[in-house]
């Protein structure tokens with residue numbers, strides 16, 4: 003959608019893995035680095051090996067972290083504040099959410115952040131780069 007003709011500002015959330023590189027951006031973006039965040043890492047749980055952040059068991063594992071909801075609320079507040087600034091310039095807000103591989107914590111946080119912002123009445127899209135195998139991204 004062409005943001006310049008939209009009556010409603012947009013926030014685009016993109017999840018990724020730092021090991022694959024940070025997505026390029028021509029304008030400012032809010033970068034959320036989850037590599038050392040206070041979230042339980044499914045990679046440290048053998049029973050969750052090979053699973054991704056779209057699966058309920060992984061979502062539950064990450065979201066039971068004591069500070070998960072605080073992190074999400076603060077990040078949503080930051081994105082919303084940036085939205086008010088960018089809207090004056092007719093620019094979208096990009097929120098880049100990364101973990102090591104971009105398959106677990108980043109996906110859980112990206113989806114939850116999208117739900118929070120949508121509930122606040124902000125049209126939001128979410129794209130997961132780390133869920134597509136690198137060979138398929140070419």
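Numbering (our numbering), first residue to last: 3 to 140.
Just so you know, even glycine gets a beta-carbon here, dropped at the ideal spot from N, CA and C.
Burial state of residue i (16 or more Cβ within 10 Å)
| i | result |
| --- | --- |
| residue 24 | exposed |
| residue 66 | exposed |
| residue 83 | exposed |
| residue 54 | buried |
| residue 33 | exposed |
| residue 125 | exposed |
| residue 37 | exposed |
Option in the options with minimal Cα separation from residue i
| i | options | result |
| --- | --- | --- |
| residue 108 | 30, 73 and 12 | 73 |
| residue 30 | 81, 58, 104 and 134 | 81 |
| residue 52 | 77, 123 and 103 | 103 |
Residue span of the alpha helix (DSSP H) that contains residue i, given as start and end
| i | result |
| --- | --- |
| residue 13 | Per DSSP, residue 13 belongs to no alpha helix (DSSP H); it is in the beta strand (DSSP E), 12 to 19. |
| residue 87 | 70 to 90 |
| residue 128 | No alpha helix (DSSP H) contains residue 128, which is instead part of the beta strand (DSSP E) from 125 to 130. |
Q: Could you tell me whether the region 98 to 115 touches the region 11 to 22, where touching means 3 or more Cβ pairs closer than 8 Å?
A: yes
Q. Taking three-plus beta-carbon pairs below 8 Å as touching, is the region 39 to 50 in contact with the region 84 to 98?
A. no
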